[in-house]
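Engineer: The structure under discussion is supplied below as structure tokens; questions concerning it will follow.
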Amino acid sequence: MIGIFDSGIGGLSLYKKAKKAMSDKTFIYLADQDSFPYGEKSEKELRALTRKNIKLLENLGAKVVLIACNSATVSSRDRIRREFDIPLVGVEPAVKVVHDLYSNKKALVLATDRTSRSHLKNKAASYGNVKIIGANGLVSLIEEKFPNIQASELKNILDNKIDGEEVIVLGCTHYHLIQKILESIYPDKIFIAPEEAVIKQLSKFSDLATGSGADDIFLTTGDLAGFQVKLEAIIGRKCDVRKI
Ligand code: DGL
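Using this note's numbering, you'd call the opening residue of the sequence shown number 15 and step up by one each time.
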């Protein structure tokens, strides 16, 4: 099995892509909604949650785990990797890609506060002209209301944050879910959700995970009924969810 976790529904954007690319594999998805939002936690807290989630998925049979959360990935990095025998794949803001591809444009990475602070601490010097900022209110709006989000609600949060920017990198997996809405509200801007590279990386380990022929497993540490409604809206099919 291939394990995936996030603080909530954000990682389902990557689950969808991964399932499409590796349809013969069985996936187990954990939404750690009881600890939501990750983006407002400290690095230490996120390392503990990441450890706990990976152990849980490993115990349930995952042979590789995708940390489908920028906040958890940038907080854990090599430290957590060294603690586990199974391969771990993470997702990080595509700052370098944007820097290289759009060096003549005004580019901004829209992340959570945690991702933005940790990223600046670690890499600020390398890609100085690509800004990275947090937008935590946006994560909560998506987690609570997706798919019923009004354009005015997004504009209230984003207008002054992204005004004047030409390229916006979605540095939080929750934001991937609203890429199409953002493109329709701000048609003059380019929005980038760095999913292909993550799926390519995950595919390298897919041989470790056999497909059992069983249905994918969806777990939440939070509200079961609420998660189920959003899950089915995102992946477009009925599925069972278990509370853990
Ligand atoms: N989706 C996650 C990320 O990519 C976490 C959002 C949150 O819980 O704050 O950062």
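Here a beta-carbon is modelled for each residue, glycine too, at the ideal position from N, C-alpha and C.
Please read these numbers as outputs of a predicted model, since none were measured by experiment.
#1: How big is the Cα-Cα spacing for ARG128 and LYS203?
#2: Would you tell me roughly how many angstroms separate the C-alpha atoms of GLN164 and GLU157, rounded to the nearest one?
#3: Report the three-state DSSP secondary structure of ALA139 (helix, strand or coil).
#4: What do you get for LYS69, buried or exposed, if any count of 16 or more other CB atoms within 10 angstroms of its CB means buried?
#5: Closest to THR12 by CA distance: which of LYS34, SER85, VAL78 and ASP46 is it?
#6: In chain order, which alpha helix (DSSP H) runs of at least 4 residues are fully inside the stretch 165–221?
#7: Which class does LEU74 belong to by DSSP, given the choice of helix, strand or coil?
#8: Report buried or exposed for CYS83, applying the criterion of at least 16 other Cβ atoms within 10 angstroms of its Cβ.
#9: If I measure Cβ to Cβ from GLY250 and keep anything under 6 Å in the same chain, skipping five residues before and after, which residues do I get?
#10: Using a 10 Å radius around the Cβ and a threshold of 16 neighbouring Cβ atoms, would you call PHE98 buried or exposed?
Structural biologist: Short version:
#1: Going by C-alpha positions, ARG128 is about 25 Å away from LYS203.
#2: Each residue's CA atom was taken as its position, placing GLN164 and GLU157 some 14 Å apart.
#3: Annotation note: pLDDT 45 at ALA139 (below 50); position unreliable, coordinate value reported separately. The answer is coil: DSSP assigns ALA139 none of H, G, I, E or B.
#4: Note on LYS69: under 16 other CB atoms within 10 angstroms of its CB, so exposed under the neighbour-count rule.
#5: With the chain covering 15 to 258 only, the question about residue 12 has no answer from this structure.
#6: For the stretch 165–221, whole alpha helix (DSSP H) runs of length 4 or above, ordered along the chain, are 165–176, 187–190, 193–199 and 210–217.
#7: Note: LEU74 maps to coil in three-state DSSP.
#8: The residue in question, CYS83, is buried, as its Cβ has 16 or more Cβ neighbours within 10 Å.
#9: There are no such residues.
#10: That one is exposed.
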